[in-house]
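In what follows, a structure is listed as structure tokens, so that the remarks can point back to it.
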Amino acid sequence: MGDVLSKKVLVLNQSYEPLMIIGAKRAICLVLMNKSECVQNYNDIVKSQSLMINIPSVIRVNRYVNFFRNNTILNRANVLIRDDYTCQYCSKKSNNMTIDHVIPKNRGGADTWENLVAACGKCNTKKGNYLLDKIEMHLLKKPKKPNYLFYFKQYITKDVEETWKNYLYMKN
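Quick note on numbering: the numbering used here labels position 49 of the sequence shown as 351, and the sequence is numbered without any gaps.
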């Protein structure tokens with residue numbers, strides 16, 4: 303029974319936007335207190351003397367929760383995750399990437415999502431303090447700040463629950 307209650311549950315806002323991931327035990331409490339409703343269930347059941355309840359996989363809160371949608375922290379790890387550990391100049395994949403300022407700091411470039419990219423050591427050294435057009439280097443894609451679903455994609459494994467995919471805007 304302990305394994306069943308340790309399952310993860312996706313919490314949706316009243317508007318069906320993903321909010322967070324919680325444990326099954328907390329999700330059951332929210333459903334029993336009528337603070338949320340079960341949208342999808344696992345195939346597991348928990349029984350007590352007076353109650354039998356399906357383990358929720360996805361719940362929806364009954365009241366809209368205001369939340370800041372784009373609060374992904376700008377740091378090295380998140381830039382590498384956004385860029386999938388892929389050099390944005392030569393497309394080499396590696397766990398040993400550096401971070402490059404597209405517009406170098408000494409030319410007014412800032413530490414922003416739009417100015418930081420993953421780069422292999424070779425490309426970062428080649429680019430140096432130059433602007434891209436001066437040395438004929440090109441970005442694979444324009445860097446941008448990740449949306450609020452980045453949190454979920456960052457912390458969910460590749461074995462994401464099938465029942466969650468529609469709510470996380472992931473392909474089936």
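No residue lacks a Cβ here, since even glycine has one placed at the ideal position from N, Cα and C.
Computed from a predicted structure; not experimentally measured.
Just the Cα atoms here: how many angstroms apart are residue i and residue j?
i: Lys447; j: Leu441; result: 16 Å
i: Glu339; j: Leu470; result: 18 Å
i: Asn468; j: Leu321; result: 14 Å
i: Leu433; j: Gly411; result: 10 Å
i: Ile405; j: Lys443; result: 15 Å
i: Arg409; j: Ser396; result: 28 Å
i: Glu463; j: Asn373; result: 24 Å
i: Glu319; j: Met439; result: 39 Å
i: Asn368; j: Ser317; result: 11 Å
i: Leu337; j: Asn431; result: With the sequence shown as reference, residue 337 is identified as Lys, and Leu is not the correct amino acid for it. Going from the Cα of Lys337 to the Cα of Asn431 covers about 55 Å.
i: Met335; j: Tyr450; result: 28 Å
Within the same chain, show all residues whose beta-carbon is closer than 7 Å to that of residue i, passing over the 5 residues directly before and after it, in chain order.
i: Val341; result: Leu314, Val360, Ile361, Arg362
i: Ala420; result: Val381, Leu382, Asp385, Tyr387, Thr388, Cys389, Gln390, Met399, Ile401
i: Ala284; result: Because the chain spans 303 through 474 in this model, residue 284 falls outside it and cannot be assessed.
i: Lys309; result: Ala326, Tyr344, Ile357
How close, in whole Å, do the beta carbons of residue i and residue j come, if the pair is a contact with beta carbons under 8 Å?
i: Ile323; j: Val348; result: Not a contact, Cβ separation roughly 19 Å.
i: Ala326; j: Ile357; result: 5 Å
i: Lys429; j: Ile437; result: 7 Å
i: Trp466; j: Pro445; result: About 27 Å; that fails the 8 Å criterion.
i: Asp346; j: Val306; result: 5 Å
Would you list the residues sitting across from residue i in a DSSP beta bridge?
i: Ile324; result: Val311
i: Asn343; result: Pro358
i: Ser338; result: Val363
i: Thr388; result: Lys395
i: Val462; result: Answer is none; Val462 lacks a bridge partner.
Taking 6 Å as the limit between beta carbons, can you name the residues of its chain near residue i, skipping five residues before and five after?
i: Leu472; result: The sequence shown places Met at residue 472, not Leu. Within the same chain, Met472 has no close Cβ partners at all.
i: Asn426; result: Thr400, Asp402
(message) Please give me, in chain order, every unbroken run of the alpha helix (DSSP H) with length at least 4 that falls completely inside the stretch 394-454.
(response) 423-429, 434-437
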